[in-house]
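Number of protein chains: 2
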Amino acid sequence: MAARAGVSKSLVSLVLRGDPGVSPARRGAVDRAIAELGYQPNRVAQVLGARRSGTVGVLLNDLRNPWFVDLLDGVTATLDTLGFSPVLIDSATLRRVGGSPVEQLLKQQVDGIIVVGTTEDGEQLRRAAAVVPVVLSGTYEPADLGPGVEVDVVVNDDVDGAAAATRHCVELGHSRITHLQGPGRVGDLRAQGYRDAMAAAGLAALTVPGGMSEESGYAAARRVLAGAPRPTAIVAYNDLAAIGALSAAHDLALTVPEQVSIVGYDNTYLAKIRHLSLTSVENGTLAIGVHAARFLVERIGGKTPARRVHQVPASLVVRRTTSRPGV
Amino acid sequence: MAARAGVSKSLVSLVLRGDPGVSPARRGAVDRAIAELGYQPNRVAQVLGARRSGTVGVLLNDLRNPWFVDLLDGVTATLDTLGFSPVLIDSATLRRVGGSPVEQLLKQQVDGIIVVGTTEDGEQLRRAAAVVPVVLSGTYEPADLGPGVEVDVVVNDDVDGAAAATRHCVELGHSRITHLQGPGRVGDLRAQGYRDAMAAAGLAALTVPGGMSEESGYAAARRVLAGAPRPTAIVAYNDLAAIGALSAAHDLALTVPEQVSIVGYDNTYLAKIRHLSLTSVENGTLAIGVHAARFLVERIGGKTPARRVHQVPASLVVRRTTSRPGV
């Protein structure tokens, strides 16, 4: 194709990268050749001899839960530094129409896959992991991606984060603190952190299933807050469930934080909305994204270390939804 | 590659599609060949003679504003019916690291591009539009994608939607209604709808720049609500700006809706969060996604109609942030 345009391969490359130093005439020659031949840059890259696509697939589990947004910033910035670009697939949307998110990523010739959050695509990921490296971020699942396949895991310290959220309530003077438990291994670890902190304070732990959506958090909190004795604090699995709990308190005419304190997890932009102003656990998603991208690119580059589990620290951000009980 | 695996091309195709009717042994043979050769399905599709990648690029302008989520459902479902799959690029994230969102989509060999929302990638889109069809959804910009390039536009009726939001406030008895204006042509159209409705009611219109984020909406509403005479209602450009206005009212100790009514636009899941319960304009994003995908696939199929501008209706959803003034 470079020959056809009457220009050098490096010029083609400059034009494709949008380099401003190329004269309009020479750019025009390349553009015409591209249009005429129906060439697209990836095919051109192959012609130019690139060994890899330079693309990393990012499998998002649900665009409706914004916890991954900062993680994606970390992934994108790190990939860019290392010469790769991300393409995103929204797993939930594709699955609703019966599509195959992982297969779609492989069709895109990605050099590797970063799984973001707990996914239902375990079986497909096992097939993919035989072909390209896979890194899990913000999730431990799927735990096994096939014989001999080493998969790195980058997560925050869920036990420590949930324990910090619970200790915060204990230190404010709460004793009836209920945990809305979420799904999967991450849900188990956050529940463990909650139970550890309750036990350390000599308090009885009570966990109820609360899902990971606003709706499920609302339903669970409504049941809990309508019961007797009513808890004075709720530690939720994530921000969405916590926001559901805020609404449940509102509908039961309970004031927050005066009559019930509520803590979320993930420190999403929802928690930061002043009108919600949710106390939440910062889970270091930016750092998770950075490490996940680094690990993946190492494996794409041919390194094959044993499975790594990297934890970034969690920390509590106190806002307006927590206070002393009965204030 | 089919020959190497000792299997038929149609079997390769079945395995790549994840068909459950393939025996483990035959699947294994194909999988081994794929792994051994480093083949990825897209290359295989080329070997099998597919003329197109079957992939459509979706250029999202900002994952932090969730208005596009339903639109993406419409796009994905329609593409699936027509035999295409979406790949997503988050323009804002890539631009923050100096990346080129449109170039990245072309590298993915997409057959066409759906632009979602107002973008800063106009110049790149002009280059892309010379190679693949482009459809704009939820935005009119960039208006011109090059000589002879016909670009379809699918939007909601922004004038009518903003007029409905304003009339709702008028009918509740408000007379001091301020509009927080957003950017671009969509911002202009929503401001026009607001002014039309104010004029029809014989009321003086007042618009102030309010941006499209929670922060900008907060700052604008804070200035407006601290002024005198204070408006009793705010019609915001979008839900995020409206949520910023909610927070501004809260910080100024003004109750919503008693002392100030607030209306958003886009009817995002944020508006539906019970604790926010924001009156908002439903902008038909699901239908926008369906039409945008249809238009694009028609053009990918070789049809070249003149530019089409398709409007879907807007409608008001009344929730808890609006009431009669001074109630």
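Chains as they are written, first to last, in full-length UniProt numbering: chain A, 1 to 327; chain B, 1 to 327. Heads up, the beta-carbon is just placed ideally off N, CA and C, and yes, glycines get one too.
Point to revise | For B:P101, the first and last residue of its enclosing beta strand (DSSP E) | key: Per DSSP, B:P101 belongs to no beta strand (DSSP E); it is in the alpha helix (DSSP H), P101 to K107.
Practice item. Output the boundary residues of the beta strand (DSSP E) element that contains B:H179. Key: I177 to Q181
Exercise for review: Out of B:G148, B:V318 and B:L225, state which residue places its alpha-carbon closest to the alpha-carbon of B:R126.
Suggested key: B:G148
**Study point:** Min CB distance A:A204 to chain B below 7 Å
**Key:** no
Point to revise | contact_flag[the segment 100-119 of chain A, the segment 315-323 of chain A] where n(CB pairs < 8 Å) is 3 or more | key: no
Review point. When DSSP labels each residue in this structure, what does B:R324 get in the three-state scheme?
Key: coil
Review point. Is B:A77 close to chain A, meaning its C-beta is less than 7 Å from at least one C-beta of that chain?
Key: yes
Check your understanding: Can you tell which of B:T321, B:G112, B:L189 and B:A287 has the C-alpha that lies nearest to the C-alpha of B:V256?
Key -> B:T321
Exercise for review: Look at B:L180 and B:A220 and say whether their C-beta atoms are less than 7 Å apart.
Suggested key: yes
Check your understanding: Looking at the C-beta of B:S137, does it have a partner C-beta in chain A at a distance below 7 Å?
Key -> no
Practice item. Let me know if residue 332 of chain B comes out buried or exposed under the rule of 16 or more other beta-carbons within 10 Å of its beta-carbon. Key: With chain B running from 1 to 327 in the structure shown, residue 332 of chain B is simply not present.
Check your understanding: Can you tell me where the alpha helix (DSSP H) with A:Q192 in it begins and where it stops?
Key -> G184 to A200
Point to revise | Contact with chain B by A:I273, beta-carbon distance below 7 Å | key: yes
Check your understanding: Apart from the five residues on each side of it in sequence, which residues of its chain come closer than 8 Å, Cβ to Cβ, to B:A35?
Key -> Bear in mind that a pLDDT of 47 at B:A35, under 50, signals an unreliable position, so the number given afterwards is only what the model happens to contain. If we look at B:A35 and ignore the five residues flanking it on each side, it has no Cβ neighbours.
Check your understanding: Is there contact here, the segment 226-246 of chain A with the segment 284-296 of chain A, by at least three beta-carbon pairs under 8 Å?
Key -> no
Check your understanding: Name the residues in the segment 82-95 of chain A whose C-beta lies less than 7 Å from a C-beta of chain B; which are they?
Key -> S85, V87, L88, I89, D90, T93 and L94
Practice item. With a cut-off of 8 Å on the beta carbons, I'd call B:T268 and B:W67 a contact; round off their distance for me. Key: 5 Å
Review point. Any beta-carbon of chain B closer than 7 Å to the one on A:H250?
Key: yes
Check your understanding: If we count Cβ pairs, one from each stretch, closer than 8 Å, do we get three or more for the segment 268-288 of chain A versus the segment 240-252 of chain B?
Key -> yes
Exercise for review: Give the single residue among A:T232, A:D111 and A:A197 whose Cα lies nearest to the Cα of A:G302.
Suggested key: A:D111
Exercise for review: Out of B:V312, B:E214 and B:S261, point me to the one whose CA is closest to A:L270's CA.
Suggested key: B:E214
Review point. Helix or strand or just coil, what does DSSP make of A:D121?
Key: coil
Review point. Going straight from the alpha carbon of A:L286 to that of B:V87, what length do you get?
Key: 23 Å
Point to revise | Close beta carbons around B:H250, own chain, < 8 Å, minus the five adjacent residues each side | key: V256
Review point. Taking Cβ positions only, does B:Q192 come closer than 7 Å to chain A?
Key: no
Exercise for review: At 9 Å on the CB atoms, spell out the chain A contacts of B:E120, in chain order.
Suggested key: Those do not exist, as B:E120 stays about 14 Å from chain A at its closest Cβ, beyond 9 Å.
Practice item. Determine the burial state of A:T81: buried for a count of at least 16 other Cβ atoms within 10 Å of its Cβ, exposed for fewer. Key: exposed
Exercise for review: Work out the CA separation of B:V97 and B:L60 for me, nearest whole Å.
Suggested key: 16 Å
Point to revise | Top-ranked residue by Cα proximity to A:F84, from A:Q108, A:V56, A:R324 and A:T93 | key: A:V56
Check your understanding: Taking Cβ-Cβ distances shorter than 8 Å, what residues in chain B pair up with A:L63?
Key -> L63, P66, V69 and L72
Check your understanding: Is DSSP giving A:E214 helix, strand or coil here?
Key -> helix
Point to revise | 6 Å Cβ shell around B:A162 - same chain, five flanking residues per side excluded | key: R190, G193 and Y194
Check your understanding: Going by the CB atoms, is the gap between B:P133 and B:R308 shorter than 7 Å?
Key -> no
Practice item. State the Cα-Cα distance for the pair A:G210 and B:S137, rounded to the nearest angstrom. Key: 36 Å
Review point. Which value, in whole angstroms, describes the spacing of the CA atoms of A:E150 and A:P142?
Key: 12 Å
Practice item. Taking A:Y269 as the query, report the chain B residues whose CB atoms sit under 7 Å from its CB, ordered along the chain. Key: R64
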